[in-house]
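*Asks:* Quick note: the sequence shown uses the numbering used here, first residue -6, plus one each step.
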Amino acid sequence: MASVTSLSASVHQRLADALSAALPQAGAADPLLRRSDRADFQANGILALAKRAKAQPRELAERVVAEVDAPDLLADVEVSGPGFLNITVTDSAITENLAARAADPDGRLGAPFADHPGITVIDYAQPNVAKEMHVGHLRSAVIGDALVQMLEFTGESVVRRHHIGDWGTQFGMLIQYLEEHPHELDHKAAGAAGEEASGEEAMSNLDRLYKAARRLFDSDEEFKTRARRRVVDLQAGEPATLALWQRFVDESKLYFQSVFHKLDMEIRDADVVGESGYNDMLAETCRLLEESGVAVRSEGALCVFFDDIKGPEGNPVPLIVQKSDGGYGYAATDLSAVRDRVFNLKANTLLYVVDARQALHFRMVFETARRAGWLGDDVTALQLAFGTVLGKDGKPFKTRAGETVRLEDLLDEAIERATAVVREKNNEKVGLSEDEIVTNGAHIGVGAVKYADLSTSASRDYKFDLDQMVSLNGDTSVYIQYAYARIQSILRLSGDARPVAHPELALAPAERALGLHVDRFAETAAEAAAEYAPHKLAAYLYQLASLFTTFYAECQVLSEENPAEVVENRLFLCEVTARTVHRGMRLLGIRTPDRL
-6 MASVTSLSAS VHQRLADALS AALPQAGAAD PLLRRSDRAD FQANGILALA
44 KRAKAQPREL AERVVAEVDA PDLLADVEVS GPGFLNITVT DSAITENLAA
94 RAADPDGRLG APFADHPGIT VIDYAQPNVA KEMHVGHLRS AVIGDALVQM
144 LEFTGESVVR RHHIGDWGTQ FGMLIQYLEE HPHELDHKAA GAAGEEASGE
194 EAMSNLDRLY KAARRLFDSD EEFKTRARRR VVDLQAGEPA TLALWQRFVD
244 ESKLYFQSVF HKLDMEIRDA DVVGESGYND MLAETCRLLE ESGVAVRSEG
294 ALCVFFDDIK GPEGNPVPLI VQKSDGGYGY AATDLSAVRD RVFNLKANTL
344 LYVVDARQAL HFRMVFETAR RAGWLGDDVT ALQLAFGTVL GKDGKPFKTR
394 AGETVRLEDL LDEAIERATA VVREKNNEKV GLSEDEIVTN GAHIGVGAVK
444 YADLSTSASR DYKFDLDQMV SLNGDTSVYI QYAYARIQSI LRLSGDARPV
494 AHPELALAPA ERALGLHVDR FAETAAEAAA EYAPHKLAAY LYQLASLFTT
544 FYAECQVLSE ENPAEVVENR LFLCEVTART VHRGMRLLGI RTPDRL
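(1) What is the rounded straight-line gap between the Cα of residue 340 and the Cα of residue 564?
(2) Is it right to say residue 273 is buried, meaning 16 or more other beta carbons lie within 10 angstroms of its own, or is it exposed?
(3) Would you call the stretch 543 to 555 in contact with the stretch 503 to 512, where contact means no fewer than 3 C-beta pairs closer than 8 angstroms?
(4) Starting from residue 411, trace the alpha helix (DSSP H) in both directions and tell me its first and last residue.
(5) Might you give, ordered along the chain, the residues of its own chain that have their beta carbon closer than 6 angstroms to the beta carbon of residue 567, omitting 5 neighbours on each side?
(6) Rank 348, 22, 278, 477 by C-alpha distance to the C-alpha of residue 325 and give the top, closest one.
(7) Just grab the DSSP bridge partners of residue 315 for me.
(8) Closest by CA to residue 156, which one among 427, 346, 210, 302?
(9) So, using beta-carbon positions, are residue 357 and residue 404 closer together than 7 angstroms?
(10) In three-state DSSP terms, what is residue 106?
(11) Specify the secondary structure class of residue 361 as computed by DSSP and reduced to three states.
(12) Any idea what DSSP makes of residue 6, helix, strand or coil?
(13) Count the other CB atoms within 10 Å of the CB of residue 570; is the residue buried (16 or more) or exposed (fewer)?
(14) Given 8 angstroms as the limit, is there contact between the stretch 403 to 420 and the stretch 456 to 476, that is, 3 or more CB pairs closer than that?
(15) Report back the beta-carbon spacing between residue 515 and residue 104 to the nearest angstrom; my notes put them in contact at under 8 angstroms.
(16) Got a sec: does the ligand GTP put a non-hydrogen atom nearer than 6 angstroms to the Cβ of residue 442?
(17) According to DSSP, is residue 186 part of a helix, a strand, or is it coil?
(18) Work out the CA separation of residue 302 and residue 371 for me, nearest whole Å.
(19) Kindly list the residues whose CB is nearer than 7 angstroms to the CB of residue 90, restricted to its own chain and excluding five residues on each side of it in sequence; keep chain order.
(20) Spell out the partners DSSP gives residue 140 in its beta bridges.
(21) Over the uninterrupted beta strand (DSSP E) stretch that includes residue 347, give me the two end residues.
(22) Residue 555 and residue 498 - do their beta-carbons sit closer together than 7 angstroms?
(23) Please tell me whether residue 8 and residue 24 are closer than 7 angstroms, where the distance is taken between their beta carbons.
(24) With C-beta atoms as the reference, is residue 126 less than 7 angstroms away from residue 400?
(25) Just the C-alpha distance for residue 452 and residue 51, rounded to the nearest angstrom, thanks.
(26) Check for me: the alpha helix (DSSP H) holding residue 95 runs from which residue to which?
(27) What separation, rounded to the nearest whole angstrom, lies between the Cα atoms of residue 166 and residue 159?
(28) Who pairs with residue 456 in a beta bridge, going by DSSP?
(29) If contact is defined by three or more beta carbon pairs under 8 angstroms, each pair taking one atom from either stretch, is the stretch 43 to 50 in contact with the stretch 466 to 473?
Set out below in structure tokens:
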């Protein structure tokens, strides 16, 4: 099915045609259409156009109105102020557009695909092997997953990449420690006798092992020397060392999967390409940079210098690609990943969903890749730098003991709080079973955590407040989910009445406002994807739920006093609203239970 032209696009085209007719020398002038509180739309373009044409703005506006001939679309075009146009569309146009969207057999609500889709590699959800995931891993995972869904909805081909930390000095340290303390990695200790520990328990053991190894590494020079020799063994592929490393990686991946499953995210093993995945490219990356003159040797290290990046004392701060001892830094791995994604994956865009504190590193990596010719006009790379998750006190989120909050603990508490809300709201009318309460509690709790993150601009910090997140009031996912469940309840109670669009009916103000907003979904989804801005889609969905709540309060849907066609039309408006909420929330990675 062809996409459905939005009402704003239709109005824009009719006004542009009228402008060209009223002032031919203006060519394809832009009427500068925008939303308005005084009408459905307002056009401001006549003011600038009149100035260029040396005409009176209000007189030109009246000439434009005289050229408008679209009774099927436009109910009123009024000249306002010095030359603004206030535009009101017909009720029938609203209903007909929504009917066309509802008829889309692909479930896209008439949303078009991008004109020129490309290939985007999104680097997100990057935990570290042998370390527990904490609250700091939340934003990259949630934002990245939403962007995957949003971009794929526009027709973009998206390649997921999870650049896990699975290589480096810490693994020499870990492996050497385990060799010397083999009893400390007992997976049966945490579980019942004769049973293997869960992925979470196994990772807890690994995390404890890592911390013990780090303490010894920092305090014992002889152990530090042995650990560094073990790194050399690992890089050389020594079988016993490599086997232990693989054990760490495999168990960590199982743990990662369990956490991402709780987050209701799909992480495919083929998309997990850690630092080790680029080992075979590191030497060539350095050779290419040095031979091209992009990188130079400085005190034995291979470095890239930048005129505009200085240290506190004004000295140049280089990007160190290879250390003086021959070891490779993070930059070598990241630059090798750029080469792989550009030349092997054929990407047009590289998007890194990474903490804002790494902005300088990625700025230098991208500039180096541009100098090397790996990035350019046809291939771009950018970092979607996100802010910090804060506690209620406005400081980085910590436990009462001052430790970093484990991500599983955070999610478990959110699910527990949400389940309590679902259980409290359950009654004979709702009739949820205990299994449904538990399932819906998980959807509500995880959705609340995701929405709190996604409804905030990625670049901003935000406060993690579970009380507010699971509230039925205010800008929360729970508010939106309950609006959706209310619509489903209305549809279940409709009896023999069916949702049918009736364009011939006049619409009440609340119906008009809701219908116009539903029509904006496709444009909003496209804009949010193009700008990598999930918060814009979240804001749209919250407003949609708010407008439905107003409609529900002001327009009786199933009243016996309503004519049958009014009931059918309002049921239709409910149904298309529900489908829009469901589609939009899934783009954010949030589920919408039918009953709450």
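Ideal Cβ placement from N, Cα and C applies to all residues, glycine included.
*Replies:* Answer, in terms of the structure:
(1) Their backbone Cα atoms lie some 45 angstroms apart in a straight line.
(2) Residue 273 should be labelled exposed.
(3) Because the criterion of three Cβ pairs below 8 angstroms is met, the stretch 543 to 555 and the stretch 503 to 512 touch.
(4) Per DSSP, residue 411 is one residue of the alpha helix (DSSP H) stretching across 400 to 418.
(5) Within the same chain, residue 567 has close Cβ partners 480, 483.
(6) Ranking the options by Cα distance to residue 325, first place goes to 278.
(7) Paired residues: 295, 321.
(8) The candidate whose alpha carbon is nearest that of residue 156 is 346.
(9) No, Cβ-Cβ distance for residue 357 and residue 404 is not below 7 angstroms.
(10) Coil, per DSSP.
(11) If DSSP states are grouped into helix, strand and coil, residue 361 belongs with the helices.
(12) Correct three-state label for residue 6: helix.
(13) Residue 570 is buried by the Cβ-count criterion.
(14) Short answer: they touch.
(15) With a Cβ gap of about 4 angstroms, residue 515 and residue 104 count as contacting.
(16) The ligand GTP is absent from the structure shown, which contains no ligands of any kind.
(17) Bear in mind that the predicted position of residue 186 carries a pLDDT of just 42, short of 50, making it unreliable; the figure below should be weighed with that in mind. Residue 186 carries a coil assignment under DSSP once its states are collapsed to helix, strand and coil.
(18) If you take the alpha carbons of residue 371 and residue 302, they lie about 26 angstroms apart.
(19) Non-local C-beta neighbours of residue 90 in its own chain, meaning closer than 7 angstroms and more than five positions away in sequence, comprise -3, 0, 512, ordered along the chain.
(20) None; residue 140 has no bridge partner.
(21) Note, residue 347: beta strand (DSSP E), 342 to 348.
(22) The answer is no: Cβ separation not under 7 angstroms.
(23) Inclusion of residue 8 and residue 24 in the CB contact set at 7 angstroms is warranted, their separation being smaller than that value.
(24) The answer is yes: Cβ separation under 7 angstroms.
(25) Rounded to the nearest whole angstrom, the C-alpha separation of residue 452 and residue 51 is 42 angstroms.
(26) Unbroken alpha helix (DSSP H) run through residue 95: 84 to 95.
(27) If I take the Cα positions, the gap works out to 13 angstroms.
(28) Paired residues: 383.
(29) The stretch 466 to 473 and the stretch 43 to 50 do not touch, with fewer than 3 CB-CB distances between them shorter than 8 angstroms.
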